[in-house]
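Colleague: Just so we're aligned, residue 0 is where the sequence shown starts under numbering that gives the first Met the number 0, counting upward by one. To start, I am sharing the structure in question, which I have written as structure tokens.
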Amino acid sequence: MTTAPKVALVTGATQGLGLALVEGLARRLAPDDTVYLTGRDAGRVAEAVRAVPGGGARVRGELLDVADPEAAALLAGRLEERHGGVDIVFNNAVMRVGPDDDPREIIDGYAEVNNFGTTRVLRAFGPLLRDGGRLIVVASSLGTLHHLAPVLHDRFDGLASLDEVDEQTAAWRDAVKDGTARSGAWPGFVNIPSKIAQVAAVRALAERRRERDAARGVLLAAVCPGMLNTPTSALWWDVGDAATPAQGAVPLLDLALGPVDPDHYGQLVRHGKVVPWRP
């Protein structure tokens, strides 16, 4: 009996954690396997592919701008034609925000990448997962209801579909744009509702797929890599003692390549442990 070569894909993979995930996957997978390094700029994708050390799985570059409503589905279609399915997907694409950014000015692009980009990737690549596959959304420990005012919990708790998640995300985005979020109960740091919406998307899709995925050994989860020493994080916090992207990638790679823990399914996982969704 033969086993088909594995296919992995990482979004937002031209630098930082995304690039570290590609390098880790290439190192741990077999030479017949393929890791797709994706990003929205062709030059940066090509440069990042050249920078990945050789000797492991083949690394291929592909353009993918998750802010483009059609891009994820189109790439998923091409990969289905080439390989028949995928085994590992890390949704890592992110638009970062700095302390000096006005949330009202950046919120459209921010939500388009971080949130609607996430649900597009889930919709596009979820159906392509082979038996034993992994679909992992890189989020944050901020992505729980602990960090949201109780009056807002029902906006993201118990949502039944990705469409419902998108509707609530759009409502929050619009409140940021028109200023009502600032005068209401929403946190001022836009990263918090955004991460909560990402985890809510994973939870909503997991409820629809849970039984079938359990039978097929598939893991769908959100993951928190913890604080990383990156230039963007340094704008907000002291990251001198934080992990490097390569170090932060290790528990994520273990989650993607190790045996499935049923308790992780549909949850936010940090360093192998579930981060509770509700207070």
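For each residue, glycine too, the CB sits at the ideal point set by N, CA and C. As the structure is a prediction and not an experimental result, all values here were calculated from the model.
(1) Whole angstroms is fine: what's the gap from V164's alpha carbon to G17's?
(2) Following the continuous beta strand (DSSP E) through K176, name the residue where it begins and the one where it ends.
(3) Measuring only the C-alpha atoms, how far is M0 from A221?
(4) For my contact list, A56 and V34 are in at a C-beta cut-off of 8 Å; report their separation, rounded to the angstrom.
(5) Out of A174, A199 and Q197, state which residue places its alpha-carbon closest to the alpha-carbon of G187.
(6) Are the CB atoms of A138 and V112 within a distance shorter than 8 Å?
(7) Run the CB neighbour count on S182, radius 10 Å, all protein chains shown included, and call it buried at 16 or more, exposed below.
(8) Since E80 is in the alpha helix (DSSP H), which residue starts that stretch and which ends it?
(9) With a cut-off of 8 Å, do at least 3 Cβ pairs link the region 138-153 to the region 46-60?
(10) Please state if the CB of G38 and the CB of L63 are separated by a distance shorter than 8 Å.
(11) If you check the beta carbons only, do L161 and R122 fall under 8 Å apart?
(12) So G142 packs on V198, CB below 8 Å; how close in whole Å?
(13) Check the C-beta distance from P224 over to G15 and give it rounded, since I have them as a contact under 8 Å.
(14) By the three-class DSSP mapping on this structure, what secondary structure does T117 have?
(15) Among F89, G131 and A180, whose alpha-carbon lies nearest the alpha-carbon of T118?
(16) Among G247, L252, G83 and A110, which residue has its Cα nearest to the Cα of P68?
(17) Please look up how many angstroms separate the CB atoms of L134 and L219, rounded, as I've assumed it's under 8 Å.
(18) Can you tell me which of the three DSSP states R39 falls into?
(19) Taking only the alpha-carbon atoms, compute the straight-line gap between P275 and L267 and give it to the nearest angstrom.
(20) Where D86 and R95 are concerned, what is the direct C-alpha to C-alpha distance, given to the nearest angstrom?
(21) Considering only DSSP beta bridges, list what K5 is partnered with.
(22) Can you tell me the Cβ-Cβ gap for E79 and L127, rounded? I've got them flagged as a contact below 8 Å.
(23) Quick check: what's the CA-CA separation for D130 versus K176?
Modeller: Looking at the coordinates:
(1) 25 Å
(2) Where K176 is concerned, there is no enclosing beta strand (DSSP E), although the alpha helix (DSSP H) it sits in stretches over L161 to D177.
(3) Only weak support exists for where M0 lies, its pLDDT of 39 falling under 50; the value from the coordinates is given anyway. Looking at the two C-alpha atoms, the distance is approximately 33 Å.
(4) 5 Å
(5) A174
(6) no
(7) exposed
(8) A70 to H82
(9) no
(10) yes
(11) yes
(12) 4 Å
(13) That pair is no contact at about 10 Å.
(14) helix
(15) F89
(16) A110
(17) 5 Å
(18) It is coil, neither helix nor strand.
(19) 8 Å
(20) 28 Å
(21) Paired residue(s): none; K5 is not in a bridge.
(22) 6 Å
(23) As the crow flies, the alpha-carbon of D130 is around 42 Å from that of K176.
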